[in-house]
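Residue numbers (my numbering): 30 to 524.
Take a look at the structure:
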């Protein structure tokens, strides 16, 4: 493991020594992190930020990338090197790539498909892209659908002012936006490609946000986007740590770290700690690390010792918003009792119901997402205190599983009467329950004929379907009971 970490650190150091490729949009240098990069001789560009900088509308639906360029619609499918422009195909050098949660496309996507002009200056190590259909200024403002869209990194959220305010940072400029009380707020975890309704308090500094406004500047909708990772630390080196799935996490100076609900530093983390990481989807900058560590009974203070005999909870399964955890602690009488649920839920009050018997409860709110975190009870009296953990960890999720890919794709035309159908999905803090995955073809439940797991379902029909439209519906739930349903159509045409 040390050798692996050393190789990673060396590769990072060597990469940093090379000057990153600059990108210039219509004469303005775009601060883009990560920058464009050459892969096997092909120049790849981070697609979302570049598209929005050009003033186009970007959307991703499953494995499809959709860009609206004036009256034209351009689409590109993951794994395919053919882009479609209003039905006409344009060949690219390579299919799009996803690297460390950032989506890249070949530069020809901007020239051949979007109609922009691009040139790469090797001496200056800079890519220049020029497009005529531009609706943005250099401070992150786009003309869209008879109004405006302002985008950037969230610098601050003020929910106490009247009206509340959101501060965005884009290309070095700062803009404070007053939020109308009836503005819709959607919060998207791009890792699982799931959007949920939220409140302004769910928007965090460091997230990427798009604010849709009318011509008069009134805010109608906010779309907040962030990425998340979770897991357990298996190794730590200088300035970074490795998760169990091999991901290397290198937080910067601005990352906020908490351990069991208290402010911490990277040096305080240990192998075995559970972590939930929140990062900016445009820059991949890590903004928040919530770490949890199980504790054994610990007593501090020289006065009469404080002890905890037992900690019990009724949380026997992953929880969803609205469910309540009840906690019972037995210990020294006449103390002050609290409990923490990992770093996400600190200092929840408990009340002494009888001598030495303390009870408390916590209702899972909307927006909660944590996995296998310890519930730690605490009793304190004077200068003495004791901590102890419940025997089981706690998991909760507000985010339903996301449909990451499916085939045949919506609108596809197939020349076989026995089409193979598959769907892949990803979950956030709580895993998918395989028995919850159901598949219908033309309204008929074919789940019993499928192969399914926590990551996919596959249907290989044993009989032929007639020519015509085919309707597919899939439903999947996580262990907390959050459910996603998706339907789409394709067509069989054999003659």
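All residues carry an ideal CB built from backbone N, CA and C; glycine is no exception. Here the structure is a predicted model, which is why all the values come from computation and not from measurement.
Looking at the backbone, the Cα of residue 442 and that of residue 519 are separated by about 6 angstroms. Excluding its 5 nearest sequence neighbours in each direction, residue 279 has C-beta neighbours in its own chain below 7 angstroms: 268, 269, listed in chain order.
With a beta-carbon spacing of about 12 angstroms, residue 456 and residue 349 fall beyond the 8 angstroms limit used to define contacts.
Considering only 447, 128, 107, the residue with the shortest C-alpha distance to residue 64 is 128.
For the stretch 375 to 435, the full-length beta strand (DSSP E) segments reaching 3 residues or more read 386 to 392, 398 to 402, 404 to 410, 413 to 418, 423 to 426 along the chain.
For residue 387 and residue 339, the gap between their C-alpha atoms comes out near 11 angstroms. If you draw a 10 Å sphere on the C-beta of residue 488, you find 16 or more other C-beta atoms in it, and that means buried.
Sequence-distant partners of residue 400 (beyond 5 residues in either direction) whose C-beta falls short of 6 angstroms from its own C-beta, in its chain, are 259, 424, 458. Residue 89 has its alpha-carbon roughly 49 angstroms from the corresponding atom of residue 380. By the criterion of a C-beta distance shorter than 8 angstroms, residue 53 is surrounded in its chain by 59, 155, 156, 157, 158, once the five residues flanking it on both sides are discounted. Nearest in C-alpha terms to residue 262, of all of 251, 252, 277, is 277. With the rule of 3 Cβ pairs closer than 8 angstroms, the stretch 290 to 298 does not count as touching the stretch 307 to 317. Beta-bridge pairing by DSSP links residue 150 to 155. Contact annotation: residue 448 and residue 507 have beta-carbon atoms that are not nearer than 8 angstroms.
Inclusion of residue 336 and residue 371 in the CB contact set at 8 angstroms is not warranted, their separation being larger than that value. In the DSSP assignment, residue 236 is bridged to no other residue.
Contact between residue 206 and residue 248 holds, since their C-beta atoms are separated by about 6 angstroms, short of 8 angstroms. Secondary structure at residue 139: helix, using DSSP grouped into helix, strand and coil.
For residue 231, the three-state secondary structure derived from DSSP is helix. Rounded to whole angstroms, the separation of the alpha carbons of residue 462 and residue 485 is 11 angstroms. Residue 113 is bridged by DSSP to 104, 118. Spatial neighbours of residue 185 in its own chain (CB-CB distance under 7 angstroms, excluding positions within 5 residues in sequence) are listed in chain order as 196, 234. One alpha carbon belongs to residue 216, the other to residue 149, and they sit about 36 angstroms apart. DSSP links residue 253 through a beta bridge to 216, 238. In this chain, residue 207 is not harboured by any alpha helix (DSSP H); it is covered by the beta strand (DSSP E) spanning 202 to 207. Residue 231 sits close to residue 396, with the two beta carbons spaced by under 8 angstroms. Under DSSP, no beta-bridge partner is assigned to residue 494. Residue pairing by DSSP puts residue 88 in a beta bridge opposite 95.
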